[in-house]
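Per the working numbering, residue 433 is the first one in the sequence shown, and the count goes up by one each step.
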Amino acid sequence: MSNDNADQSLPNFDRLNVLIVEDEAIISFLIEDMLRELGCSTVRNVAGIDEALTALDEERPDVAVLDVNLDGVEVYPVAERLRERGVPFVFTTGYGADGLAPAWAHMPVVQKPFRSEMLARALEAVLAKP
433 MSNDNADQSL PNFDRLNVLI VEDEAIISFL IEDMLRELGC STVRNVAGID EALTALDEER
493 PDVAVLDVNL DGVEVYPVAE RLRERGVPFV FTTGYGADGL APAWAHMPVV QKPFRSEMLA
553 RALEAVLAKP
């Protein structure tokens with residue numbers, strides 16, 4: 433994953449509140465840096481299912497970025513809670529679309545490693561949906 437500061441065509445997500453669910457700290461921090469460069473004002477990182485569900489009980493994010501595999505546990509309970517609450521989200525995985533369970537195969541996925549422009553485009557797409 434890399435930050436592409438030079439790409440001025442990236443959307444600005446000013447004041448966006450984002451939840452990151454990612455079990456690998458270095459990747460989580462890289463995603464956070466990318467989101468902050470895109471203008472997101474609030475970014476919360478959590479590493480597991482229970483922590484993510486608690487975070488959702490405490491606050492409703494505008495959008496979420498979900499790693500599919502959290503130390504061997506699939507993130508789908510968090511995705512289900514987000515869907516129930518009408519919160520858009522994108523999946524991230526090293527396996528691309530093939531890494532999603534069939535029930536979630538229609539959802540946007542960003543394949544690791546990714547650049548900030550790839551994440552920005554995926555977020556832009558889910559935020560544009562009614």
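Heads up, the beta-carbon is just placed ideally off N, CA and C, and yes, glycines get one too.
Closest residue to T525 among P534, F546, L514, P509 (Cα-Cα distance) | Reading the sequence shown from its first residue, position 93 is the one you call residue 525. Answer by Cα proximity: F546.
Per DSSP, what kind of secondary structure is E556 in: helix, strand or coil?
-> Here residue 556 refers to the residue found at position 124 when the sequence shown is read from its first residue. Looking at E556 - three-state DSSP - the assignment turns out to be helix.
What is the DSSP secondary structure of E506, counted as helix, strand or coil?
-> As a first step, residue 506 must be located in the sequence shown, where it is residue number 74. The answer is strand: DSSP assigns E506 an E or B state.
With D485 as the anchor, note down where its beta strand (DSSP E) starts and where it stops.
-> For the purposes of this step, residue 485 is taken as residue 53 along the sequence shown, with counting starting at 1. Checking the sequence, you will find Leu at residue 485 rather than Asp. Run containing L485: none in the beta strand (DSSP E); it sits in the alpha helix (DSSP H), 481 to 490.
Could you check where the beta strand (DSSP E) with A496 kicks off and where it finishes?
-> Against the sequence shown, residue 496 aligns to sequence position 64. Note, A496: beta strand (DSSP E), 495 to 499.
Rounded to whole angstroms, what's the CA-CA distance from E491 to V541? Just pull it up for me.
-> Reading the sequence shown from its first residue, position 59 is the one you call residue 491. Reading the sequence shown from its first residue, position 109 is the one you call residue 541. E491 and V541: Cα-Cα distance of roughly 24 angstroms.
List the endpoints of the continuous alpha helix (DSSP H) containing R468.
-> Residue 468 sits at position 36 when you count from the first residue of the sequence shown. Start and end: 457 to 469.
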